[in-house]
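Peer 1: Have a look at the structure that comes next, please.
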Amino acid sequence: MRSALGHFLLLATIGLAALLSVSLPAQELTQGNLPLETPLPSDTLSGNEQLIVRGRLEGAREAMLIVRIDDSASTGYASRYNLEQTLLPGPFELSIPLRGIKATGGRLMDLAQLTDVFVFSPDSSTIFSEVEVSIFTPAPLPEGSAGYSFGEADAPVFPGFQRVTPESSLIESGRPTALRRTGSDPLITNGINGMERVVLPWREGDEVDVHLWTEDIGEWEHLPHPLERRININDHTVFYKSHSIEDWVRERYLEGKRREVLGQGDAWTDLARYRGGYLKATTTATSEGVRIDLAGDSADATYLSAVLLTPKGDDRALNIVLEERARIARAAWPVVPLGPREPADAVFNLTQAVKPMVALPLRIAAGTGARLSVDLVSDERIDLLSASLTGAPPEAALFLWAALRTLDRPAANASSLSVQETRLLSDVSGLTVAPERPRRVEIWVSVPPDTPKGTYPMQLAVTSSFGNVSLPINLEVLESTLPPSRAPAGFYMDEAPHLTWAWQDGEKRVAQLQCDIAFFNKLGLSPLAPGLITPTPDEEQAFFQELSAAKQFAPAVMAYTPAKRLIEQVGIEAAAVQLQRITQEAEERGLSPIYWSVADEPSNPDMQAYDLPHLVDVFREVAPDVKLAAQLNSEEDRALARLFDLVQINDGYGLQPMDIRSLQREGLKVWLYNTRQPRMTAALGVLVTGAEAYVQWHSRMPTADPFDPTDGREGDVMMLLPSAEVCPSQPDIHSGLLDMAEGVVDQRWLLHFGQQEDEEAQDLKWKLWKNIETLWWDRNKSPNTYEEEIKKIIDTQK
Numbered sequence: 094m095r096s097a098l099g100h101f102l103l104l105a106t107i108g109l110a111a112l113l114s115v116s117l118p119a120q121e122l123t124q125g126n127l128p129l130e131t132p133l134p135s136d137t138l139s140g141n142e143q144l145i146v147r148g149r150l151e152g153a154r155e156a157m158l159i160v161r162i163d164d165s166a167s168t169g170y171a172s173r174y175n176l177e178q179t180l181l182p183g184p185f186e187l188s189i190p191l192r193g194i195k196a197t198g199g200r201l202m203d204l205a206q207l208t209d210v211f212v213f214s215p216d217s218s219t220i221f222s223e224v225e226v227s228i229f230t231p232a233p234l235p236e237g238s239a240g241y242s243f244g245e246a247d248a249p250v251f252p253g254f255q256r257v258t259p260e261s262s263l264i265e266s267g268r269p270t271a272l273r274r275t276g277s278d279p280l281i282t283n284g285i286n287g288m289e290r291v292v293l294p295w296r297e298g299d300e301v302d303v304h305l306w307t308e309d310i311g312e313w314e315h316l317p318h319p320l321e322r323r324i325n326i327n328d329h330t331v332f333y334k335s336h337s338i339e340d341w342v343r344e345r346y347l348e349g350k351r352r353e354v355l356g357q358g359d360a361w362t363d364l365a366r367y368r369g370g371y372l373k374a375t376t377t378a379t380s381e382g383v384r385i386d387l388a389g390d391s392a393d394a395t396y397l398s399a400v401l402l403t404p405k406g407d408d409r410a411l412n413i414v415l416e417e418r419a420r421i422a423r424a425a426w427p428v429v430p431l432g433p434r435e436p437a438d439a440v441f442n443l444t445q446a447v448k449p450m451v452a453l454p455l456r457i458a459a460g461t462g463a464r465l466s467v468d469l470v471s472d473e474r475i476d477l478l479s480a481s482l483t484g485a486p487p488e489a490a491l492f493l494w495a496a497l498r499t500l501d502r503p504a505a506n507a508s509s510l511s512v513q514e515t516r517l518l519s520d521v522s523g524l525t526v527a528p529e530r531p532r533r534v535e536i537w538v539s540v541p542p543d544t545p546k547g548t549y550p551m552q553l554a555v556t557s558s559f560g561n562v563s564l565p566i567n568l569e570v571l572e573s574t575l576p577p578s579r580a581p582a583g584f585y586m587d588e589a590p591h592l593t594w595a596w597q598d599g600e601k602r603v604a605q606l607q608c609d610i611a612f613f614n615k616l617g618l619s620p621l622a623p624g625l626i627t628p629t630p631d632e633e634q635a636f637f638q639e640l641s642a643a644k645q646f647a648p649a650v651m652a653y654t655p656a657k658r659l660i661e662q663v664g665i666e667a668a669a670v671q672l673q674r675i676t677q678e679a680e681e682r683g684l685s686p687i688y689w690s691v692a693d694e695p696s697n698p699d700m701q702a703y704d705l706p707h708l709v710d711v712f713r714e715v716a717p718d719v720k721l722a723a724q725l726n727s728e729e730d731r732a733l734a735r736l737f738d739l740v741q742i743n744d745g746y747g748l749q750p751m752d753i754r755s756l757q758r759e760g761l762k763v764w765l766y767n768t769r770q771p772r773m774t775a776a777l778g779v780l781v782t783g784a785e786a787y788v789q790w791h792s793r794m795p796t797a798d799p800f801d802p803t804d805g806r807e808g809d810v811m812m813l814l815p816s817a818e819v820c821p822s823q824p825d826i827h828s829g830l831l832d833m834a835e836g837v838v839d840q841r842w843l844l845h846f847g848q849q850e851d852e853e854a855q856d857l858k859w860k861l862w863k864n865i866e867t868l869w870w871d872r873n874k875s876p877n878t879y880e881e882e883i884k885k886i887i888d889t890q891k
C-alpha cells in the first residue's frame, strides 16, 4: 500500500509564534485559494526554518490537504516530499521542518536544492480558505535553559534545541551511532546510541534540573529492549534497571495493552505523552558542567534522544517542550469520528438484572460457529471482576472478550486516528462499566459437527463490584448440515516479533505459531499464509516444522517472505536452486503445495528491487517445480500477472469476475487479499468473483510499540495481540478476526442455501441471488444490508 512518508516528518502546530518567547518574523511566500504553487528561497535557508501552511477548512467533514515539495532531482511521486494530512473542519496550521525532509521513496532531499512548494486537495469539492504559505524560524528556549537534540546533522531538530551529532566534542567516549526513526515528533524520533559519556556545559556550583528523553522508539517490528541499564549524572546513579526478557515484555512491551481512552480521544493525552522515556534528575554542576555516563548490556542501553538543562525548579522550558509536543501530536494525528457505534445484539444492565429474564437466542449449525455481541450497561460506575459462559454442548469451544476503547488508525495508512472498540481482551477484571460508557462483550461459540440438534440453555455470568448476575442464552443447534467452504479464508500469519529477538527461546516462537494456527482453526480460518522462516540450509528443518503445522488446515500455502529474503541473501539463481530442492522435499513429505511470493505490489514507488521478468525466467529454467506468487494492487500490475502461478489481487487491481476467470483459464490460481470488508469478502467476494481463497494482512504485524499506532509508516495490524505468556488458553484479539470468522460461516450458509430445492426456498433463493452481486459491488456503501440478508437465510432454517 502506498503511504505518505512525508507525513511522518510533520511538525504541526496551532499558534506556534505565541508558544515560543521571541521569533523571527515569518516570510510570506504566497496566499490565496487552492491549488497554490510557489518557489522556495533555498539560497537563503540555514536549516532551522519551518514551512508553515495555515488556513481554514470550510464545511462539516474532514478532508485531506497535500503539501508537496520538489527539489532539483524531483521527477515523480517517489522523488518528492509528499505530506498527505487529514484535517478537521476549522482553522489549521501545519509546520514542516525543512532540515532533513525526505522524498516518499526515502531519498534525503538537498536543502540547498529545494525548488517549489505545491499545496492542493485531491478532492476539488472541498473548500480551503485563507490559505497562506510562509517560512518561519522558531525562537530559542527561555534564557538560562539549554536543549540538546541528538542525531544526524541533517535530521529535524526540535524547536529551540541544538543538534548534537556523533562527531560532537560533547560526546567524550563510546561508539556513537545516529538513529532516525519514523514519527512526527523530532524530539524523540532522532537520537544516538553507543554513547558512554556526554558532558554538557553549565556554570559550576549551580543546581540544575536535567531532563532526559531516553527511549529509542523503534522501527518496523522492533522495539529496542535493553535488559540492564544505568544512567549516572555527576557520579550519582539516577536510573538503574535490570530484568529478564520476560519481565521486559510484561512491563514495557505490553505496557499500553490495557490503556483505555476515557474521553473523546486525544493523540497527546492517550498516546504521545507516554513515549520518549522521560527522566528527570537534579544535580550540582561541577567544573566540567553536567556529566552523563551511560552503561548497560547493549548499545540500546546507551541511547539518548534529547537532554534539556534548566535552573533547578524552573519549569518554563520544560512546559514549552511539553506544550509543543502536545501540539505536534494533536495536529499530526487528528481524531476523526468513525460514525455511529454499531448496535449490539443485546443490552444487559448489570444493576437492574431481575429474574426471570428473557433468554437471548443464538442459532448455529453443527460444525460451525456464531458470534454474539452484548453491551453491559450500569446505572452507576462499577468494576468488572470476571465474566464466563456456561451450559454449552460437550466439546463446544466458548470464547468471551471485552472490548477496550482505544485510539487507532481507521486504515493502516491513514494520517488520522479514531476511537474504536476493536481491541478485545479475554481478562475482563479491572475494566469498568459506567452509565455513559457501556462495555461491549464479544462472544464466539463453535460446536462440533456431531452435535445433536436441540436447544442448550447457557448463561453469561458476570461478577462485578455490584454483585453477581447472569444473562440466559438459548443456544439452538439447527438440523441443517452446511457444506464445507468452497474458498478458504485466513490471515497472513507471522511469528510474534518479540519472540524472535535476542535472549528469546527459539522453541517459543515455533510453539506460538502452532498455537496461532490451532486457534484460527477453531474459528474456521485457514493458515493459507503461515509464518515461515527463510529456508537457508541451516534452517531447513525449522522451515519444514513450520510448514507441517499448516498441513491439515490449508490445501495450499503462500510463502510471503522466505523467497524474497533468500534472494536478498544469496541472489536469484542460488535462491532458485535452493527453493527447487525445498519444493521437491516438501512434496515428498506430503506437505501443502507452496507458492513462493517474489513480488509484493511491484508498481508501488521503489517497491521492486529487481527485474521481475528476468527473475521469473531464471526460476523457470533452474527451478521448474517452484510455483511463484505475487501480490498485485494496481491496474499497472496487470501486465505482470501472467508471469506467476498464483496472484493475489484486491480492489486496486480490479476484481471483475471476467478478468479473474481469464487468469484461471490460463492456469493461474487467483486469491483475494486486503479488502475493507473481511466478512463480506470471505463470503460474497470469493463466490461472486470466483477467487479460490482470501487472505487478509496481518495476524501479527505491530510496528515498534504494539499499542502506539503512530510510531510506524503504517499502523499496527494485529489480529492476535502479544501476550506475556506463550500460547495463552485464550488469546487477546482484534475484532476483525471475528468478522472474517463470521464470513466463512456466511459462505457455508450461502452454499447450503444454494442447494435447497423446495419451492419456498427456491423463491427466496432467486431473490437473494438476484441481489447478491449488487450487495458485493455496493459493499462500500451499505455493508449492513449484507448482514441483514445473511440473517434472513439463517432465520428460515430449522
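Letter by letter, the sequence shown follows residues 94 to 891 of the numbering used here. Note that beta-carbon positions come from the ideal geometry of N, C-alpha and C, so glycine has one too.
1. Near residue 736, what residues of its chain come up, given a Cβ to Cβ distance below 7 Å and the 5 sequence neighbours on each side ignored?
2. Going by DSSP, what residue range makes up the alpha helix (DSSP H) through residue 847?
3. Please return the same chain residues whose Cβ sits closer than 8 Å to the Cβ of residue 761, not counting the five positions on each side in sequence.
4. Quick one: Cα of residue 683 to Cα of residue 395, how far?
5. Going by DSSP, what residue range makes up the alpha helix (DSSP H) through residue 279?
6. Is it right to say residue 596 is buried, meaning 16 or more other beta carbons lie within 10 angstroms of its own, or is it exposed?
7. Tell me whether the stretch 616-623 and the stretch 463-482 touch, counting them as touching only if at least three CB pairs, one residue from each stretch, are closer than 8 Å.
8. With DSSP run on the structure shown, which of helix, strand or coil describes residue 612?
9. CB residue 325 to CB residue 383, shorter than 8 Å?
10. Taking the alpha-carbon of residue 503 as reference, which of 809, 833, 731, 823 has the nearest alpha-carbon?
11. Locate the alpha helix (DSSP H) running through residue 493, then write down its first and last residues.
12. According to DSSP, simplified to helix, strand and coil, what is residue 170?
13. Taking 8 Å as the threshold (C-beta atoms), are residue 299 and residue 378 in contact?
14. Considering only the beta carbon of each residue, do residue 481 and residue 554 sit closer than 8 Å?
15. Quick one: give me the first and last residue of the alpha helix (DSSP H) that residue 671 is part of.
16. If you follow the alpha helix (DSSP H) that residue 467 is in, where does it begin and where does it stop?
17. Please report the straight-line C-alpha distance between residue 140 and residue 133, rounded to a whole angstrom.
18. Specify, as a first and last residue, the run of the alpha helix (DSSP H) that residue 635 falls within.
19. Could you give the C-beta distance for residue 581 and residue 648, rounded to a whole number, given that I count them as a contact under 8 Å?
20. What separation, rounded to the nearest whole angstrom, lies between the Cα atoms of residue 441 and residue 435?
21. How long is the line joining the alpha carbons of residue 269 and residue 233, rounded to whole angstroms?
22. Kindly indicate the opening and closing residues of the alpha helix (DSSP H) around residue 410.
23. Taking the alpha carbon of residue 619 as the reference point, which residue from 833, 752, 368, 362 has its own alpha carbon closest?
24. Residue 888: buried (16+ other C-beta within 10 angstroms of its C-beta) or exposed?
25. To the nearest angstrom, report how far apart residue 517 and residue 799 are at their CA atoms.
26. Do residue 254 and residue 128 have their beta-carbon atoms positioned less than 8 Å apart in this structure?
27. According to DSSP, residue 92 sits in a beta bridge with which residue or residues?
28. Are the stretch 578-592 and the stretch 776-788 touching, with three or more C-beta to C-beta distances below 8 Å?
29. Taking 8 Å as the cut-off, does the stretch 335-352 touch the stretch 418-425 (at least 3 CB pairs, one atom from each stretch)?
30. Please classify residue 870 as buried or exposed, where buried requires at least 16 neighbouring CB atoms within 10 angstroms.
31. Classify residue 756 as helix, strand or coil using the three-state DSSP reduction.
32. Drop a sphere of 10 angstroms on the beta-carbon of residue 406, count the other beta-carbons inside from all chains shown, and report buried for 16 or more, exposed for fewer.
33. Assuming residue 173 and residue 197 make a contact with CB atoms under 8 Å, what is their CB distance in whole Å?
34. Who pairs with residue 454 in a beta bridge, going by DSSP?
35. Please classify residue 115 as buried or exposed, where buried requires at least 16 neighbouring CB atoms within 10 angstroms.
36. Please name the residue, chosen from 676, 568, 537, that lies closest to residue 824 on a Cα-to-Cα basis.
Peer 2: Reading off the structure:
1. 705, 706, 709
2. First-last of the alpha helix (DSSP H) with residue 847: 829-847.
3. 734, 735, 737, 738, 739, 740
4. Cα-Cα distance, rounded: 50 Å.
5. Here the alpha helix (DSSP H) through residue 279 covers 279-282.
6. exposed
7. no
8. It is helical.
9. no
10. 809
11. Where residue 493 is concerned, there is no enclosing alpha helix (DSSP H), although the beta strand (DSSP E) it sits in stretches over 490-501.
12. Here DSSP, grouped into helix, strand and coil, assigns residue 170 to helix.
13. yes
14. Closer than 8 Å, so yes.
15. 665-681
16. Unbroken run through residue 467 is the beta strand (DSSP E), 462-470; no alpha helix (DSSP H).
17. 13 Å
18. Counted as a single uninterrupted DSSP element, the alpha helix (DSSP H) harbouring residue 635 occupies residues 633-642.
19. 7 Å
20. Cα atoms of residue 441 and residue 435: separation of roughly 16 Å, rounded to the nearest angstrom.
21. C-alpha separation (whole angstroms): 26 Å.
22. 409-425
23. 833
24. exposed
25. Cα to Cα, residue 517 sits roughly 14 Å from residue 799.
26. no
27. Since the displayed the chain opens at 94 and closes at 891, residue 92 lies outside it and no answer follows.
28. yes
29. no
30. exposed
31. helix
32. exposed
33. 7 Å
34. Answer is 567, bridged to residue 454.
35. At residue 115 the pLDDT is 38, less than 50, meaning the model places this residue with poor confidence and gives no usable figure here.
36. The residue with the shortest Cα to Cα distance from residue 824 is 537.
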